[in-house]
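According to numbering that gives the first Met the number 0, the sequence shown is numbered sequentially starting from 0.
C-beta atoms are modelled at their ideal positions from N, C-alpha and C, and glycine is treated no differently.
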Amino acid sequence: MVQMIHIRSSRNLSYMGRVTLINSVLISIHSYWAQIMILPKLLLRRMESICQALLWKGTAKGSSPGQVAWENVCLPQSTGGLGFRNVINWNTVAMGKYVWAIAAKKDNLWVRWIHSVYLSNGNWWNNSALPNCSWYWKKIVAVKDIIKTKIDLSTFIAEGYSIQQRYAFLYLITNRVQWNNYVWGRLNIPKHRFIFWLAMKEKLRTRVQISKYDPSIDHSCLLCGDQDEDEQHLFFACPYSRSCLARLKTWLSWRTRAKDNGRLLLWIDKAKQIIKVRKQIIIVVLAALVYHIWLVRNYALWNHKVWCINHTVQRMQNEVKFRMFHIMPRKAKNVYRDWFEYTCSVI
Ligand SMILES: [Zn+2]
């Protein structure tokens, strides 16, 4: 697994590239083995720390807790996560199929053997593993005890066993977030999505955030030098980012007084008067704005220079224009041709 990460030169991958690598390769390797055997916790923890280091540092070495707690990263996108499987929980749930087979008394040799060796009293649901029994059996009993806290025996047997459904039932019941569809919108530029996601979770490493761990850090905004640099200031109380937002609102003929991400997305949500394609373009632009403000801020941090507003806005407009021409469906372009052509012509 570590070799695979090195081969793919993950340090050069964008955050979204790393997300795809973790989801498509690492987790699928794990999912295969997790479904056929109980994996040792030490191995699962190691796997988890490799995934964490890969996501936040782009390397398989070392450990990195990252800006967002791993249990939250492993939530579905609809509830504010990145949709990774939690390898430890997935292994637990995958082993639940043996718990179900024993409970449902499936007709196979292994279940019959378990009933005759460990369950001679027939009471599986209240069974406790004896100290001298095998490691494997103790793990299965432990999984049964986790399931037992959430569901009664008759319902458990009657519902059958799907690892996917049981995983969602045991570990993924959390509140949905309103901004999910906007952050992960299909038209959004991929590299913008991850920074937009961190901004919506208020987990970007702003100077105020960093100063919680290192009080010697200067709090002041790198773009205006006037106020503390936190998420509210950057998006968009800062005179620099506010000017960029104002320029983009004019560009898009976007008439709203909303001045922060939450209210801007709420406005998009409630705006009935504008058609879907235009909403999508506004979201692409908002994601681009958040990404570029963060980019300018980081450039200022490392180079002690702040790009002029014109330069930043033009970079954004060019990226959005390129994206719209290449990704937007032809049908949508036809429906919204006038506005689309005007928007791109004023760049
Ligand atoms: Zn500022």
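Contact under 8 Å by Cβ, residue i with residue j
i, j, result
"V98", "I146", "yes"
"K40", "A52", "no"
"R100", "A33", "It is worth fixing the name first, because residue 100 is Ala in this sequence and not Arg. Not a contact, by the Cβ cut-off of 8 Å."
"I267", "K275", "no"
"I216", "R206", "yes"
"L12", "G57", "yes"
"W89", "A102", "no"
"D225", "H218", "no"
"L247", "V312", "yes"
"M315", "L186", "no"
"V140", "A157", "no"
"W306", "V295", "yes"
"Y181", "L265", "no"
"Q347", "W183", "A question about residue 347 goes unanswered here, because the residues of the chain that appear run from 0 up to 346."
"W253", "I209", "no"
"N126", "L118", "yes"
Residues bridged to residue i (per DSSP)
i, result
"D259", "BP columns for D259 are empty, so no partner."
"D227", "S219"
beta-carbon residue i near ligand 1 non-hydrogen atom, thresh 7 Å
i, result
"L203", "no"
"D259", "no"
"C220", "yes"
"Y298", "no"
"C50", "no"
"D225", "yes"
"H303", "no"
"D73", "This sequence places Cys at residue 73; Asp is not what is there. No, Cβ of C73 sits at least 7 Å from all heavy atoms of ligand 1."
"C237", "yes"
"H232", "yes"
Boundaries of the alpha helix (DSSP H) in which residue i is found, first to last residue
i, result
"A236", "Looking at the DSSP string, A236 is not in any alpha helix (DSSP H), and its letter there is neither H nor E."
"M323", "I308 to I326"
"W124", "Element bounds for W124: n/a, residue is neither H nor E."
"Y97", "V86 to A102"
"C50", "K40 to K56"
"M15", "Y14 to L20"
"H291", "K275 to N302"
"M199", "P189 to M199"
"Y166", "I162 to Y170"
"R185", "No alpha helix (DSSP H) holds R185; DSSP gives it neither H nor E."
"Y135", "W134 to K147"
"A157", "L152 to A157"
"Q208", "R206 to S210"
"S119", "Premise fails: S119 is in no alpha helix (DSSP H) and is neither H nor E."
"V72", "W69 to V72"
is_contact[residue i, chain D] using C-beta, thresh 8 Å
i, result
"G16", "Looking at the structure shown, chain D is missing, and only one protein chain is on hand."
Beta-carbon separation (whole angstroms), residue i vs residue j, contact threshold 8 Å
i, j, result
"L43", "V86", "5 Å"
"R175", "T255", "In fact, because the Cβ distance is near 24 Å, the residues do not count as touching under 8 Å."
"F193", "Y14", "4 Å"
"V289", "F195", "5 Å"
"I292", "C243", "7 Å"
"G65", "L74", "The pair is not a contact, with the Cβ atoms about 14 Å apart (cut-off 8 Å)."
"D259", "Q231", "7 Å"
"A299", "L221", "4 Å"
"L171", "K149", "Actually they do not touch by this definition, with Cβ atoms about 12 Å apart."
"I188", "R322", "5 Å"
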